[in-house]
Amino acid sequence: MELNTAKPRKMLRFVVLSLLFLLGLCHFSAGMNMMKSNFIVHMAKSQMPESFEDHTHWYDSSLRSVSGSAEMLYVYNNAVHGFAARLTAEEAESLQNQPGILSVLPEMKYELHTTRTPSFLGLDVSADYFPESNAMGDVIVGVLDTGVWPESKSFDDTGFGPIPASWKGECESGTNFTSKNCNRKLIGARYFAKGYESTLGPIDVSKESKSPRDDDGHGTHTSTTATGSVVQGASLLGYASGNARGMATHARVAVYKVCWVGGCFSSDILAALDKAIDDNVNVLSLSLGGGNSDYYRDSVAIGAFAAMEKGILVSCSAGNAGPSPYSLSNVAPWITTVGAGTLDRDFPAYVSLGNGKNFSGVSLYKGASSLSKMLPFVYAGNASNMTNGNLCMSGTLIPEEVKGKIVLCDRGINPRVQKGSVVKAAGGAGMVLANTAANGDELIADAHLIPATSVGQTTGEAIKNYLTSNPNPTATILFEGTKVGIKPSPVVAAFSSRGPNSITQEILKPDIIAPGVNILAGWTGAAGPTGLAEDDRRVEFNIISGTSMSCPHVSGLAALLKGAHPDWSPAAIRSALMTTAYTVYKKGGALQDVVTGKPSTPFDHGAGHVDPVAALNPGLVYDLKADDYLNFLCVP
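Quick note, the sequence shown lines up with residues -31 to -1, 1 to 605 if you use mature numbering (1 follows the signal peptide of the UniProt record, and there is no 0).
This is the structure:
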């Protein structure tokens, strides 16, 4: 009888494959345990054993007890006591169990929250109310961001006296940057990249400068918003023409570059906070965020607490995740959390349809005042084979369907300016960018590479109705420059993150709102106004929006108050700004929310919109010390 060997062979094959799979899982699990990532180790310095003469030796010994190869990225002495190192999860857990270790926190990634303003806030007509330049010259604002473009005219130090004796910082050299780039206005510049590089690899110096130099523009914009010197004849491509100035023109500024092409990492941010405290800044401005964690796990909250203890006010952006509730970042009670409102300035650009109807939008496009004639008009969703073709994402438009036409794109997912670039690449002649329900009727102007205008949701729906009901739709776009006196203003921006406070609901956040829509300020010479690689235009000033822009407004105003009241604590300054903020317009009516068109709530605007002139003399300030925060947080 012939033996049937097929079945045993199949069983043997199954067993072997199963063993190989399990062996692979074991290797994978071991590999996972061997994978290293960055951790921030918070030490209880007071518990250092007597056998160590110096705390750095104790830190090193603690690290060596769990890893013979790990190296410290940073040693922290001010923002926290401890260090950052690259460890496996097993090593981090072992370190956490040692005596004297308060916490071992994994690295977190943070993101940036991205001329008319002084007049709108009353700083031009009320100059006599504010401190003299010699008093302001002793106030130093530290900005943690993407660095600085030192050649900007907004850093002109004409008329500035000697650098304050209290200043302990320096101007670091690096790629495309030397100590000579600093002056009596820009008195300090540092960069922090060890956490970034250990996570994502070495910085590509062909794409960005490994130095304090700003190749992005965001950091130059925020720092000049806070402290920029007066620059006459400033504008973006002719828009918003006038005198540009920061909030505290006579204050000094120190820049700490913590954000790179791939983001901002908590070990670098904490190292910058650590140095800024030691450098003796008076105000810290952070236009970045990374979601919400418990305060003891949030590096920004931890560093900000240490800064507050040293008398430094910390101002942070609220985030751009509005109008959803519970969308705030940076909600620690000792942080001044800033939301965004609008200005009374706009940049109208009208859509004129073939049926004779006109609709208003906004644009910063630099070109002819209008398209030369009526052009064929098409909805992007009907000029694409993709389900998301309406969003005008790269490669979604059919060139034959859009060539020579104006294209209506829906807002969302990809950057607004990139949509115009996609239309242009497909042969389109212009773009109408329509808001969806997520943004309502809020209008944000952009310096598009193609004739384009942005319209609100209501207008967008009306235009879509025209496109679907007319067999041969046509349109043109007319650009009308700059317009001031827009009413009502301010209104709460749709993107501005909203409360309630998801960590401590007893504490109202945001604290306050300030101008954050269509803000003109200094820019980098390394990127165009859109930030797109194909944008080869170079400008000295740019107009952008976000709570990233509202935060430095408050940082600069805090510097003004510090100059006027040198003995005021961070809590007293925040109190003055909050108790004098307004929630009612001068001619009556409650502050509005652009999303609803109805009165905004304290979860939208906090204490209200900042009023710097009133804040100088609030009549009463509420002070808080570190123990007050601790007592509040430690109540069962």
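Beta carbons: idealized from backbone N, C-alpha and C, even for Gly.
- Here H522 really is in contact with A483; their C-beta atoms are around 4 Å apart, less than 8 Å.
- Counting C-beta atoms within 10 angstroms of its own C-beta, K149 has fewer than 16 neighbours from the protein chains shown and is therefore classed as exposed.
- K326 and A462 have their alpha carbons spaced roughly 28 Å apart.
- By the C-beta criterion, the segment 435 to 454 is judged not to be in contact with the segment 537 to 550, since fewer than 3 inter-stretch pairs fall below 8 Å.
- For W229, the beta-bridge partners assigned by DSSP are G232.
- Taken through DSSP and simplified to helix, strand or coil, T196 comes out as helix.
- Short of 6 Å from the beta carbon of Y551, and not among the five residues preceding or following it, lie these beta carbons of its own chain, in chain order: G577, H578 and D580.
- Nearest neighbour of G186 by Cα position, chosen from G500, N261, Q561 and L589, turns out to be G500.
- Secondary structure note for G532: it is in no beta strand (DSSP E), and the uninterrupted alpha helix (DSSP H) holding it is T516 to A533.
- Taken atom to atom, the span from the alpha-carbon of E503 to that of G111 is near 32 Å.
- For the pair S298 and C285, the CB atoms are nearer than the 9 Å cut-off.
- Scanning the segment 342 to 367 for uninterrupted beta strand (DSSP E) segments of 3 residues or longer gives 344 to 348, listed from N- to C-terminal end.
- The alpha-carbon of L333 is positioned some 16 Å away from that of A398.
- The criterion of a C-beta distance shorter than 9 Å is not satisfied by A490 and G116.
- A check of alpha carbon separations from V347 across S175, P440 and Y591 identifies P440 as the nearest.
- In this structure, the straight-line span from the alpha carbon of F510 to that of S204 is close to 6 Å.
- When Cβ pairs closer than 8 Å are counted between the two stretches, the segment 140 to 160 is seen not to touch the segment 257 to 264, the count staying below three.
- Nearest neighbour of V392 by Cα position, chosen from A416, A352 and F572, turns out to be A352.
- The beta carbon of E141 lies closer than 8 Å to those of S148, A158, R159, Y160, S180 and P181 in the same chain, with the five residues before and after it left out.
- Listed in chain order, the non-local C-beta contacts of L418 below 8 Å within the same chain comprise V386, G389, S390, K393, T499, L501, E503 and D504, local neighbours out to five positions each way being set aside.
- A Cβ-Cβ distance of about 6 Å is found for the pair R380 and N408, placing them in contact under the 8 Å criterion.
- If you draw a straight line from the Cα of P442 to the Cα of P384, it is about 27 Å long.
- For T306, the secondary structure class from DSSP, reduced to helix, strand or coil, is strand.
- The residue among D114, T57, M400 and A213 with its C-alpha nearest the C-alpha of K122 is A213.
- Counting along the chain, R385 sits inside the alpha helix (DSSP H) bounded by residues R385 to A394.
- Counting along the chain, the unbroken beta strand (DSSP E) around I156 starts and ends at L155 to Y160.
- Fully enclosed alpha helix (DSSP H) runs of no fewer than 4 residues occupy 24 to 33, 58 to 65 and 86 to 90 of the segment 15 to 96, in order along the chain.
- Residues R467 of the same chain have their beta carbon placed closer than 7 Å to that of S293, with the five preceding and five following residues left out of the count.
- Burial state of L360 is buried, judged by a 10 Å Cβ sphere holding 16 or more other Cβ atoms.
- By the neighbour-count criterion, in which 16 or more other beta carbons inside 10 Å mark a residue as buried, N487 falls on the buried side.
- In the displayed model, L312 falls within coil according to three-state DSSP, outside both helix and strand.
- A residue is called buried once 16 or more other Cβ atoms fall within 10 Å of its Cβ, and M4, having fewer, is exposed.
- Restricting attention to S34, D29, G291 and I246, the CA atom closest to the CA of M41 is found in D29.
- Only exposed fits K555, as fewer than 16 other CB atoms lie within 10 angstroms of its CB.
- Taking 9 Å as the cut-off, the beta carbon of V401 is found closer than this to the beta carbon of I375.
- Only residues of its own chain outside the window of five on either side were considered, and among them D379, R380, G381, Q426 and G429 have a CB closer than 8 Å to the CB of T405, listed in chain order.
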